[in-house]
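Visitor:
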Amino acid sequence: MILVLEKRIAHRFGGVWTEIKLKALTEYLDFYQKALRNQGFETWYIDAFAGTGDRHAEMLEGGIFEEQPIEHVQRILDGSARKALKIDPPFNHYWFTEQHKGRANALQALSQDYPFDIMVRSGEANAELRALFSSKPWRGGLSSGRQRGVVFLDPYGMSVDWATLQILAATKRVDVWYLFPRKAVVQQLAHDLKGVDQGKRAKLAEIFGCNDWEEQFYESRPAQTSLFDPIPVESKGRIANPAQISVYARKRLNTLFCYVSDPLPLIVNGSEFFELYCLSNNPPAIALIERGVRHVMRKYTPASHRRFGR
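Numbering (our numbering), first residue to last: -15 to 294.
#1: Check Met103 in the structure and name its three-state DSSP category.
#2: Rounded to whole angstroms, what is the Cα-Cα separation between Lys167 and Ala111?
#3: Along the chain, where does the alpha helix (DSSP H) that runs through Phe75 open and close?
#4: When the distance is taken between beta carbons, is Tyr232 closer than 8 Å to Lys303?
#5: May I ask you to report which of helix, strand or coil DSSP gives Glu108?
#6: Quick one, which of Leu248, Ala65, Gly35 has its alpha-carbon nearest Trp28's?
#7: Return the CA-CA distance between Pro73 and Gln23, expressed in angstroms with no decimal places.
#8: Taking only beta-carbon positions, decide if Ile151 is within less than 8 Å of chain D.
#9: Check this for me: beta carbons of Gln172 and Lys156, under 8 Å apart or not?
#10: Is it buried or exposed, Asp38, if we count other Cβ atoms within 10 angstroms and call 16 or more buried?
#11: Just grab the DSSP bridge partners of Phe258 for me.
#12: With C-beta atoms as the reference, is Val180 less than 8 Å away from Ile30?
#13: Among the candidates Leu248, Ile273, Pro268, whose CA atom is the shortest distance from the CA of Met281?
#14: What are the start and end residues of the alpha helix (DSSP H) that includes Leu137?
#15: Measuring straight from C-alpha to C-alpha, what distance separates Leu272 and Tyr261?
#16: Whole-angstrom Cβ separation of Ala109 and Phe33, contact assumed at under 8 Å?
#17: Mapping DSSP to helix, strand and coil, what is Phe117?
#18: Where in the region 164 to 200 do unbroken runs of the alpha helix (DSSP H), each at least 4 residues long, occur, reported from the N-terminal end onward?
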């Protein structure tokens, strides 16, 4: 039996790992706002793949301890945008982008529930972020320099361009929570380099900001011949496992940001699909950022592993 218990617009995605991700983010947002309270900064929450502000989840409820029959229940839970809007004290500005027009309209409707400065853009996330950080007040204007923000990058697949990360690092005023799509990256990397076509190469260059991945992940194999093809054929085989690919990704991020946290692993069906990083290029604030991030990681890394019996 399936029940619809709430009447907000449904956006189905994620699972238990999604709740861990959102709780980790929310915990940091709460820390951030309390730490910057009364510091004279103009604080921004920037969510570049914001969806509708909600998420649709199916869960089991009931059982012997609740003395109720077990039922599959559909609930509409808070997504990242709505969770951010509930932070106290609130941010001065909320900026959301979502390319899907219907979801963008749902985000715009959040202003009916929350009396804050909410800005919604319905364009492509990388382009909208470039426009935001190249215009006032982030660049130029009387108040320029007072802005501080948290940027949440929760992309659909490999949708975050390296150029976007460069722009965020160059501000030196934002903390970036970046959901790195580890599984999607690994899937682009065939076991033989010949299986990595031009489209995959382009995506890998976008996410890593270079083509060095080929040297790091592949190694030449001895030339092989066959009964039907006596001409030796050279090939390159993948030598990097998923953990080594993640180490390389972190090294690349370190070329842009002076602070790159350890990742929070997010596990789907027993496999590490995503890694959540906090990134910053604001040296005077690093000690404070590390304190907040350590608290988040200590709390939610065990929760991620425990849920899947690790």
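The C-beta atom is built at its ideal place from N, Cα and C for all residues, glycine as well.
Just so you know, these numbers come straight off a predicted model, no measurement behind them.
Guide: Looking at the coordinates:
#1: strand
#2: 25 Å
#3: That residue, Phe75, is in no alpha helix (DSSP H); it is neither H nor E in DSSP.
#4: Given a span of -15 to 294 for the chain in the structure shown, any question on residue 303 remains unanswerable.
#5: coil
#6: Ala65
#7: 13 Å
#8: The structure shown contains no chain D; it is built from a single protein chain.
#9: no
#10: buried
#11: Leu250
#12: no
#13: Leu248
#14: No alpha helix (DSSP H) holds Leu137; the beta strand (DSSP E) holding it covers 131 to 137.
#15: 16 Å
#16: 6 Å
#17: helix
#18: 166 to 172, 182 to 192
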